[in-house]
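Protein chains in written order, with our numbering: chain A, 3 to 240; chain B, 3 to 240.
All C-beta atoms, glycine included, are put in the ideal place defined by N, C-alpha and C.
Only one structure is covered here, and it is reproduced in the block below.
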DNA sequence: CGGAGCGTTGAGACTTTTCAACTTCCGTGG
DNA sequence: CCACGGAAGTTGAAAAGTCTCAACGCTCCG
């Protein structure tokens with residue numbers, strides 16, 4: 003069930019890798035054009051709808067992927083259903099876990115998503131022959147770890163208003179936005195924001211309403227946010 | 003000030019690497035005996051007392067190290083003083099951040115500590131020549147990330163009793179203990195436990211007292227813990 | 001028009017923090 | 001040997017923050 007989508011559509015034609023939107027940002031960035039064949043041979047382009055489960059925690063970790071477009075969430079769940087988003091993936095990010103037999107996390111598409119999918123074993127084999135690629139992945143893993151630790155400080159020590167302010171500023175920074183547009187579209191609903199921040203959906207809603215009333219933000223649409231007073235938000239975020 | 007200790011005592015004599023307690027567990031594990039010279043040439047053995055600051059957040063990240071013996075904490079701090087421990091380091095773990103110019107975290111000795119210290123640049127240069135070492139570090143970084151994400155779920159979603167139970171079981175698993183000893187010595191006081199779990203010292207104290215009264219644990223000394231009912235603790239931890 | 005999915009709002013319950021006082025442990029010095 | 005003093009831990013009461021449960025509103029789509 004969880005990998006049904008794998009067979010859904012076809013690989014990309016040879017040569018397309020070089021023109022790929024993630025050519026400069028994914029693992030591929032550590033491969034010269036001439037070397038790309040090794041990756042292209044094992045990769046397959048996939049388009050997935052929002053809500054699609056890409057990897058399911060507990061399943062055998064058979065695949066990895068390069069995120070070309072869209073946003074994914076990485077989720078951990080308690081046995082009783084409480085869930086915490088432990089990572090958000092943006093274009094260029096690596097999807098899935100290397101060197102692991104059983105997936106620790108569930109990965110789900112938040113928006114429509116474009117992936118370049120590799121069988122994990124095959125990808126590991128290619129990497130073993132390309133030290134530059136492993137070096138790049140090491141640097142990224144360490145950067146992700148540093149980022150994750152910042153997130154931990156927020157989860158462990160901050161109150162709801164600080165969490166929300168930091169989150170909105172973070173999204174503002176990470177999300178592409180149409181030029182000249184003062185607002186941006188959140189890639190998720192209130193429930194997922196709660197899962198990111200370790201809050202309930204009601205607390206998220208109340209805090210956003212409070213910020214709106216305080217004139218710090220505007221909410222022109224369900225998922226649309228406009229930061230009216232970045233300085234004040236930054237002050238709240240700490 | 004923060005690196006004053008660097009000059010405090012001398013390097014280890016050549017050849018001692020092979021007999022080092024961390025020979026099989028540190029980065030060194032990915033080096034054959036014949037290759038160890040490259041590492042030995044740049045490493046210096048250091049003994050530090052509890053409380054010693056090894057790395058200070060914000061300083062230029064000039065050194066990395068291999069933890070040979072003892073326990074270190076990795077801390078993130080808010081401007082207002084709130085602190086969150088984001089990692090605990092045990093023998094064999096890597097200390098410090100590679101490929102980073104400015105340290106993100108503060109690293110402090112919790113117990114007496116034995117380190118094998120390397121200048122960061124020199125270590126990076128050695129690693130660049132040893133793909134097996136980078137592969138090992140990549141695997142470890144990914145494992146640490148997975149572990150850290152488990153910790154995030156705890157910070158974001160669990161209540162104090164669940165946090166404490168999980169913490170005590172975790173320490174029980176990770177800490178060496180004298181054989182036949184049913185109890186173990188925590189490597190930190192109540193305040194640091196609070197910093198690990200995102201709780202105040204009072205909440206930690208109350209929860210431990212409650213567990214003692216419930217007959218789940220015994221507390222024979224300030225830092226000594228004896229798990230009387232692991233099954234019940236595991237049930238609480240979830 | 002009706003229903004489903006999301007989001008918002010309110011009231012009360014529950015958990016954790018805060019602040020303050022008190023105790024215990026332990027090393028030092030009289 | 002005991003008194004003292006500091007550090008660490010414990011306990012209590014009140015306050016603050018967040019969650020839970022329940023109801024209501026909005027919007028999109030069939």
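Under 8 Å between C-beta atoms, does residue 222(A) make it to chain B? So, not an interface residue.
Could you pull out every unbroken alpha helix (DSSP H) segment of at least 4 residues lying fully inside the stretch 197-222 of chain B, listed in chain order? Considered as a whole, the stretch 197-222 of chain B harbours 203-215 as its complete alpha helix (DSSP H) runs of no fewer than 4 residues, in chain order.
Proximity to residue 2(B) [Cα-Cα], best of 110(B), 239(B), 82(B): Given a span of 3 to 240 for chain B in the structure shown, any question on residue 2(B) remains unanswerable.
Residue 169(B) and residue 147(B) closer than 8 Å at C-beta: No. Outside cutoff.
What does residue 50(A) pair with, by DSSP beta-bridge criteria? Secondary-structure assignment with DSSP links residue 50(A) through a beta bridge to 115(A).
What's the call for residue 10(A), buried or exposed, on a 16-neighbour Cβ count within 10 Å? Only weak support exists for where residue 10(A) lies, its pLDDT of 47 falling under 50; the coordinates are left without a value.
Please confirm whether residue 209(B) has its beta-carbon closer than 8 Å to some beta-carbon of chain A. Residue-level contact check: residue 209(B) does not touch chain A, since none of the beta carbons of chain A fall below 8 Å from its beta carbon.
Quick one: using the 10 Å Cβ neighbour count with 16 as the cut-off for buried, is residue 3(B) buried or exposed? Any answer about residue 3(B) is weak, because its pLDDT of 44 lies below 50 and its placement is not dependable; what the coordinates show is given next. Exposed, because fewer than 16 other Cβ atoms sit within 10 Å of the Cβ of residue 3(B).
In the stretch 84-111 of chain B, which residues sit with their C-beta less than 9 Å from some C-beta in chain A, listed in chain order? Across the stretch 84-111 of chain B, CB contacts with chain A closer than 9 Å involve 84, 85, 86, 87, 88, 89, 99, 100, 101, 102, 106, 107, in sequence order along the chain.
Just to make sure I have the definition right: I need the residues of chain B whose C-beta is within less than 9 Å of the C-beta of residue 133(A). Which are they? Result: 130, 133, 136, 137.
Only counting runs of 3 or more residues, tell me where the beta strand (DSSP E) segments fall wholly within the stretch 48-92 of chain A, in order along the chain. Counting whole runs of 3 or more residues, the stretch 48-92 of chain A contains the beta strand (DSSP E) stretches 55-57, 65-71, 74-79, 85-91.
Classification of residue 161(A) by the beta-carbon crowding that lies within 10 angstroms, buried from 16 upward: Exposed, by the Cβ-count rule.
Would you mind stating whether residue 112(A) and residue 189(A) have Cβ atoms separated by less than 8 Å? Going by C-beta atoms, residue 112(A) is nearer than 8 Å to residue 189(A).
Distance between residue 91(B) and residue 176(B) (C-alpha atoms, nearest Å): Cα to Cα, the separation comes out at about 10 Å.
Short of 8 Å Cβ to Cβ, which residues in the stretch 161-191 of chain A face chain B? Going along the stretch 161-191 of chain A in chain order, one finds no residue with a Cβ nearer than 8 Å to chain B.
Extent of the continuous alpha helix (DSSP H) to which residue 243(A) belongs: This structure does not reach residue 243(A), given that chain A is present from 3 up to 240, and the question cannot be answered.
Are the C-beta of residue 61(A) and some C-beta of chain B separated by less than 8 Å? Answer no: the Cβ-Cβ gap between residue 61(A) and chain B never drops below 8 Å.
Let's see if you can read the secondary structure: which residues bound the alpha helix (DSSP H) around residue 18(B)? Annotation for residue 18(B): the continuous alpha helix (DSSP H) segment containing it runs 18-21.
Could you confirm whether any beta carbon from chain A is found closer than 8 Å to the beta carbon of residue 125(B)? No, residue 125(B) does not count as interfacial toward chain A.
Whose CA, out of 135(A), 203(A), 224(A), 228(A), lies closest to the CA of residue 180(A)? If we check each option's Cα against that of residue 180(A), 228(A) comes out closest.
Which of helix, strand or coil DSSP assigns to residue 187(A): Correct three-state label for residue 187(A): strand.
DSSP puts residue 229(A) in a beta bridge; with which residues? Answer is 219(A), bridged to residue 229(A).
Leaving aside the five residues before and after residue 231(B) along the sequence, list all residues of the same chain whose C-beta is less than 6 Å from its C-beta, in chain order. Closer than 6 Å at the Cβ level, and outside the excluded window around residue 231(B), lie 218.
Taking the continuous alpha helix (DSSP H) assigned at residue 142(A), which residues delimit it? First-last of the alpha helix (DSSP H) with residue 142(A): 133-159.
According to DSSP, is residue 263(B) part of a helix, a strand, or is it coil? Outside the shown range of chain B, which is 3 to 240, sits residue 263(B), and nothing can be said about it.
Since residue 81(B) meets chain A, which of its residues come closer than 9 Å, beta carbon to beta carbon? The answer, in chain order, is 240.
Beta-carbon gap between residue 78(B) and residue 70(B) smaller than 8 Å: Cβ atoms of residue 78(B) and residue 70(B): not closer than 8 Å.
May I have the straight-line CA-CA distance separating residue 47(B) from residue 233(B), to the nearest angstrom? Rounded to whole angstroms, the separation of the alpha carbons of residue 233(B) and residue 47(B) is 41 Å.
Between the alpha carbons of residue 165(A) and residue 215(A), how many angstroms are there, rounded? Distance between the alpha carbons of residue 165(A) and residue 215(A): 18 Å.
Leaving out five residues before and five after residue 196(A) in sequence, what residues of the same chain have Cβ atoms less than 6 Å from its Cβ? Short of 6 Å from the beta carbon of residue 196(A), and not among the five residues preceding or following it, lie these beta carbons of its own chain, in chain order: 202, 203, 206.
Suppose you measure from the CA of residue 171(B) to the CA of residue 226(A); what does that come to, to the nearest Å? Rounded to the nearest whole angstrom, the CA to CA distance from residue 171(B) to residue 226(A) is 44 Å.
Can you tell me whether residue 237(A) is helix, strand or coil according to DSSP? The three-state secondary structure of residue 237(A), taken from DSSP, is helix.
Mind listing which residues of the stretch 145-157 of chain A have their C-beta closer than 9 Å to chain B's C-betas, in chain order? Contact annotation: in the stretch 145-157 of chain A, residues whose CB is within less than 9 Å of a CB in chain B are 145, 146, 147, 148, 150, 151, 152, 153, 154, 155, 156, 157.
Give a yes or no on whether 8 Å exceeds the smallest Cβ distance from residue 11(A) to chain B. Bear in mind that the predicted position of residue 11(A) carries a pLDDT of just 49, short of 50, making it too unreliable to give a figure here.
Do we get a CB-CB distance below 8 Å when we pair residue 236(B) with the residues of chain A? Taking Cβ atoms only, chain A never reaches closer than 8 Å to residue 236(B), which makes this a no.
Exposed unless 16 or more other CB atoms sit within 10 angstroms - verdict on residue 33(B): That one is buried.
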